[in-house]
Amino acid sequence: MATLSVAAVLAENARRRPDKEALVEGDLRLTFGEVWRRARAQAGALVGLGVRPGDRVALMAPNTADFPQAYYAIAAAGAVVVPVHLLLSAAEVEHVLRDSGATLLLCHPAQARTGAAAAREAGVRTLTLGEEFGGLAADAEPLTSYVTRDADDPAVVFYTSGTTGVPKGAVLSHFNLVMNATVNAFDANDIRPDDVALGALPLFHAFGQTVSLNSTWRAGATLVLLPRFDAGRAIELMVREKVNTFHGVPTMFVALAAAAADAGALPGLRVCVSGGASLPVAVLERFEKAFGARIYEGYGLSETSPAAAVNQPAFGARPGTIGHPLWGVDVEIARSETEDAVELLPPGELGEVVVRGHNVFSGYLGRPEATAEALVDGWFRTGDLGTKDGDGFLRIVDRKKDVIIRGGYNVYPREVEEVLARHPGIAQVAVIGLPDDLHGEEVCAVVVPAQGAAPDAREVTEWSKEHLGRHKYPRRVEFADALPLGPSMKVLKRELRARYADRPVTVTG
Numbered sequence: 068m069a070t071l072s073v074a075a076v077l078a079e080n081a082r083r084r085p086d087k088e089a090l091v092e093g094d095l096r097l098t099f100g101e102v103w104r105r106a107r108a109q110a111g112a113l114v115g116l117g118v119r120p121g122d123r124v125a126l127m128a129p130n131t132a133d134f135p136q137a138y139y140a141i142a143a144a145g146a147v148v149v150p151v152h153l154l155l156s157a158a159e160v161e162h163v164l165r166d167s168g169a170t171l172l173l174c175h176p177a178q179a180r181t182g183a184a185a186a187r188e189a190g191v192r193t194l195t196l197g198e199e200f201g202g203l204a205a206d207a208e209p210l211t212s213y214v215t216r217d218a219d220d221p222a223v224v225f226y227t228s229g230t231t232g233v234p235k236g237a238v239l240s241h242f243n244l245v246m247n248a249t250v251n252a253f254d255a256n257d258i259r260p261d262d263v264a265l266g267a268l269p270l271f272h273a274f275g276q277t278v279s280l281n282s283t284w285r286a287g288a289t290l291v292l293l294p295r296f297d298a299g300r301a302i303e304l305m306v307r308e309k310v311n312t313f314h315g316v317p318t319m320f321v322a323l324a325a326a327a328a329d330a331g332a333l334p335g336l337r338v339c340v341s342g343g344a345s346l347p348v349a350v351l352e353r354f355e356k357a358f359g360a361r362i363y364e365g366y367g368l369s370e371t372s373p374a375a376a377v378n379q380p381a382f383g384a385r386p387g388t389i390g391h392p393l394w395g396v397d398v399e400i401a402r403s404e405t406e407d408a409v410e411l412l413p414p415g416e417l418g419e420v421v422v423r424g425h426n427v428f429s430g431y432l433g434r435p436e437a438t439a440e441a442l443v444d445g446w447f448r449t450g451d452l453g454t455k456d457g458d459g460f461l462r463i464v465d466r467k468k469d470v471i472i473r474g475g476y477n478v479y480p481r482e483v484e485e486v487l488a489r490h491p492g493i494a495q496v497a498v499i500g501l502p503d504d505l506h507g508e509e510v511c512a513v514v515v516p517a518q519g520a521a522p523d524a525r526e527v528t529e530w531s532k533e534h535l536g537r538h539k540y541p542r543r544v545e546f547a548d549a550l551p552l553g554p555s556m557k558v559l560k561r562e563l564r565a566r567y568a569d570r571p572v573t574v575t576g
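Quick note: the sequence shown uses the numbering used here, first residue 68, plus one each step.
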């Protein structure tokens with residue numbers, strides 16, 4: 068069996084470019100040699116605590132230097148990283164600890180109250196990152212190198228955000244993660260050693276971990292961490308640190324485009340990648356106009372390491388699409404009604420997006436039935452609906468479960484959101500289906516007004532009528548100061564449905 072470890076991403080940089088700046092956080096600046104020395108010392112401390120290869124170690128930390136150091140330390144010790152979302156309650160963290168079988172929780176002081184309470188209930192030992200864990204590392208015998216693992220051994224268990232039922236642990240192997248980082252760095256994007264990337268995406272999430280951390284370091288580039296995203300501060304930091312690479316979710320691009328007008332200077336961005344949720348074309352256009360930089364939109368899931376497809380310079384970028392599959396990965400469209408087999412559809416037809424390749428996970432931890440449902444005929448069924456055109460460009464239409472059926476007609480919220488995002492008075496919008504006695508479901512738009520704008524519900528509906536088919540435009544419009552976001556910055560539509568389902572209905576058209 069071939070051996071491989073995610074820890075090699077850092078170890079090889081320490082060997083090839085030990086004095087190259089690897090990590091910047093505030094005033095802290097570390098070279099690859101220094102980060103690897105710290106990681107080996109922490110790995111020595113973990114081994115001293117009884118952590119053995121294959122043991123699961125939970126990691127709960129924001130985007131500070133503590134996260135990548137502990138992440139690579141766990142990998143170097145041969146253990147499995149279980150990243151914990153920072154927005155979870157103590158009860159939810161306890162579920163992750165119990166379900167994963169974690170033997171230890173490494174917790175940042177900022178998360179100490181929630182983490183410690185959850186670990187106590189789960190009977191798991193907690194160590195606080197910083198002084199406590201740092202003290203143990205200082206006294207430990209550093210590992211001389213990383214513990215080798217089989218390529219298919221688990222490296223990370225990502226807990227899906229649980230849009231349906233209890234969060235499940237998606238098991239990613241060393242091979243999954245090393246390949247995804249490598250292909251992202253050298254094939255999908257042109258990442259170079261002198262690049263500087265902003266790490267604003269949460270590192271506990273697959274997108275931030277693979278694309279911002281592992282891919283950036285796979286190419287030997289520098290990562291500048293921003294512990295808490297704020298658009299104005301992000302622009303200042305990018306200018307100061309000469310950042311030329313930005314990875315973000317749509318809500319970040321919305322905020323950056325709005326903040327650009329008040330910024331004294333803007334960074335010279337060469338590579339911008341959007342993922343995590345669909346990017347409205349209107350937002351893409353606003354950002355590209357403000358920053359003079361092209362956005363390459365991509366697509367992936369925790370179960371696919373995460374990147375599966377992305378707009379790539381080699382094929383050209385097409386706004387509104389997620390581009391082409393990654394090198395060595397197949398992304399196709401299958402008949403969505405057929406659940407026990409994968410029947411591929413010809414170009415142009417709408418169906419379920421399916422993925423196979425080196426990025427597809429091993430399965431859900433301890434859940435063979437859920438794994439068997441998701442992995443069919445060698446393909447991973449994503450639960451997303453999409454199309455693939457004759458040029459091979461993929462387009463996500465919507466989540467299977469978010470489709471609204473109004474009077475027997477399918478309405479795809481993403482299509483309605485794309486149109487409403489062009490309304491001058493709308494900053495952000497989420498479209499949901501709400502129960503309706505007459506039509507089964509009614510189309511509802513939840514709108515965050517643009518700064519200084521105050522459109523009313525009737526005006527939004529009338530405007531929509533001009534741009535959307537009769538069955539598609541929102542008869543119901545609600546206003547909110549902000550949209551509820553999950554730990555991975557996706558809009559939580561289930562929360563919106565719960566919030567507005569029981570409210571008195573004001574239908575405007």
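We put the beta carbon where it would ideally sit given N, CA and C, even for glycine. Computed from a predicted structure; not experimentally measured.
Segments of 3+ residues assigned as beta strand (DSSP E) that fall wholly inside the stretch 245-326: 263-266, 289-292, 312-315
My parser needs the beta strand (DSSP E) runs of 3 or more residues fully inside the stretch 89-131; what are they? 95-98, 123-127
Does DSSP classify GLY331 as helix, strand or coil? As a working mapping, residue 331 is identified with position 264 in the sequence shown. Coil at GLY331, not helix or strand.
Same chain, Cβ closer than 8 Å to LEU346, five either side skipped, listed in chain order: Numbered from its first residue, the sequence shown carries residue 346 at position 279. Answer for LEU346: PRO317, PHE320, ILE362, GLU364, listed in chain order.
Along the chain, where does the alpha helix (DSSP H) containing LEU452 start, and where does it finish? In the sequence shown, residue 452 corresponds to position 385, counting from 1. LEU452: not part of any alpha helix (DSSP H); member of the beta strand (DSSP E) spanning 446-455, first to last residue.
Mapping DSSP to helix, strand and coil, what is ILE141? By one-based count along the sequence shown, residue 141 stands at place 74. Of the three classes helix, strand and coil, the one that applies to ILE141 here is helix, per DSSP.
Residue range of the alpha helix (DSSP H) that includes PRO480: By 1-based counting over the sequence shown, the position of residue 480 is 413. Unbroken alpha helix (DSSP H) run through PRO480: 480-487.
Is it true that the stretch 512-532 meets the stretch 542-556, where meeting means three or more beta-carbon pairs spaced less than 8 Å apart? yes
Using C-beta distances below 6 Å, list every residue in its chain close to GLY474, excluding the 5 sequence neighbours before and after it, in chain order. If you number the sequence shown from 1, residue 474 lands on position 407. Only HIS506 meet the Cβ criterion.
Three or more C-beta pairs closer than 8 Å, one from the stretch 240-250 and one from the stretch 213-221: is that the case here? yes
For PHE200, which of helix, strand or coil comes out of DSSP? As a working mapping, residue 200 is identified with position 133 in the sequence shown. Three-state result, PHE200: helix.
6 Å CB neighbourhood of THR249 in its chain, flanking five on each side removed: Walking along the sequence shown from the start, residue 249 turns up at place 182. Cβ neighbours of THR249 beyond the five flanking positions: ARG285.
Report the rounded CA-to-CA distance for ALA301 versus THR98, giving the unit in angstroms. Against the sequence shown, residue 301 aligns to sequence position 234. Against the sequence shown, residue 98 aligns to sequence position 31. Cα to Cα, ALA301 sits roughly 22 Å from THR98.
Option nearest ALA144 by Cα separation, candidates PRO480, PHE253, PRO334, VAL73: Here the question's residue 144 lines up with position 77 in the sequence shown. Among PRO480, PHE253, PRO334, VAL73, the Cα nearest to that of ALA144 belongs to VAL73.
Quick check on this structure: which residue in ARG353, PRO414, VAL148 has the alpha carbon closest to the alpha carbon of LEU164? Residue mapping note: residue 164 aligns to position 97 of the sequence shown, counting from 1. That would be VAL148, whose Cα lies nearest to the Cα of LEU164.
Run through DSSP, which three-state label would HIS241 get? Taking the first residue of the sequence shown as position 1, residue 241 is located at position 174. Three-state result, HIS241: helix.
What does the alpha-carbon distance come out to for the pair ASP469 and ALA497? Walking along the sequence shown from the start, residue 469 turns up at place 402. Walking along the sequence shown from the start, residue 497 turns up at place 430. Approximately 11 Å, taken between the alpha carbons.
Taking only three categories from DSSP, how would you classify ARG216? Reading the sequence shown from its first residue, position 149 is the one you call residue 216. Coil at ARG216, not helix or strand.
Where ARG187 and ALA125 are concerned, what is the direct C-alpha to C-alpha distance, given to the nearest angstrom? Along the sequence shown, read from residue 1 onward, the residue named residue 187 stands at position 120. Along the sequence shown, read from residue 1 onward, the residue named residue 125 stands at position 58. Rounded to the nearest angstrom, the two C-alpha atoms are 14 Å apart.
6 Å Cβ shell around ALA204 - same chain, five flanking residues per side excluded: One-based indexing of the sequence shown puts residue 204 at position 137. The answer, listed in chain order, is ALA108, GLN109, ALA112.
Put GLY404 into one of helix, strand or coil per three-state DSSP. Walking along the sequence shown from the start, residue 404 turns up at place 337. According to the sequence provided, residue 404 is Glu. The question's Gly does not apply to it. The answer is coil: DSSP assigns GLU404 none of H, G, I, E or B.
For ASN477: DSSP bridge partner residues: Reading the sequence shown from its first residue, position 410 is the one you call residue 477. Secondary-structure assignment with DSSP links ASN477 through a beta bridge to ILE472.
Ignore the nearest five residues each way along the sequence and tell me which others in HIS314's own chain have a CB closer than 6 Å to its CB. As a working mapping, residue 314 is identified with position 247 in the sequence shown. So the qualifying residues of the chain are LEU268, VAL278, SER279, VAL340.
Are the Cβ atoms of VAL306 and VAL263 separated by less than 8 Å? To locate residue 306, count along the sequence shown from 1; it is residue 239. To locate residue 263, count along the sequence shown from 1; it is residue 196. Their beta carbons are not under 8 Å apart, which means VAL306 does not touch VAL263 by this criterion.
The beta strand (DSSP E) that contains VAL514, what's its start and end? Here residue 514 refers to the residue found at position 447 when the sequence shown is read from its first residue. Element bounds for VAL514: 507-516.
Rounded to the nearest angstrom, what separates ALA437 and PRO491 at their Cα positions? Locating residue 437 in the sequence shown gives position 370, where the first residue counts as 1. Locating residue 491 in the sequence shown gives position 424, where the first residue counts as 1. Answer to the nearest angstrom: the Cα atoms are 43 Å apart.
Three-state class that DSSP yields for VAL350 in the structure shown: Counted from its first residue, the sequence shown places residue 350 at position 283. In this structure, VAL350 counts as helix in the three-state DSSP scheme.
Alpha carbon to alpha carbon, how far is HIS425 from PHE460? Give it in angstroms, no decimals. The residue you call residue 460 lines up with position 393 of the sequence shown. The residue you call residue 425 lines up with position 358 of the sequence shown. Spanning the two alpha carbons is a distance of roughly 20 Å.
Quick one: what's GLN136 bridged to in DSSP? Start at 1 with the first residue of the sequence shown, and residue 136 comes out as number 69. The partner list for GLN136 (beta bridge, DSSP) is empty, contrary to what the question assumes.
Any heavy atom of the ligand FAD closer than 7 Å to the CB of GLN276? This structure lacks the ligand FAD; in fact it carries no ligand of any kind.
Starting from the Cα of LEU333, find the closest Cα among VAL348, VAL350, ALA344, LEU304 and give me that residue. What you label residue 333 is simply residue 266 of the sequence shown in a count that begins at 1. The shortest Cα separation from LEU333 among VAL348, VAL350, ALA344, LEU304 belongs to LEU304.
ARG83 in three-state terms, based on DSSP: The residue you call residue 83 lines up with position 16 of the sequence shown. Three-state result, ARG83: helix.
Taking Cβ positions, are ALA322 and PHE358 nearer each other than 8 Å? Reading the sequence shown from its first residue, position 255 is the one you call residue 322. Reading the sequence shown from its first residue, position 291 is the one you call residue 358. Not closer than 8 Å, so no.
Figure out for me which residue from ILE400, GLN495, PRO480, LYS467 has the closest Cα to the Cα of GLY457. For the purposes of this step, residue 457 is identified with residue 390 of the sequence shown, where counting begins at 1. Of ILE400, GLN495, PRO480, LYS467, the residue nearest in Cα terms is ILE400.
How far does the beta strand (DSSP E) with GLY418 in it extend, from its first residue to its last? Residue numbering aside, residue 418 sits at position 351 when the sequence shown is read from its first letter. Start and end: 418-424.
In three-state DSSP terms, what is SER341? Here the question's residue 341 lines up with position 274 in the sequence shown. SER341: strand per DSSP, three-state reduction.
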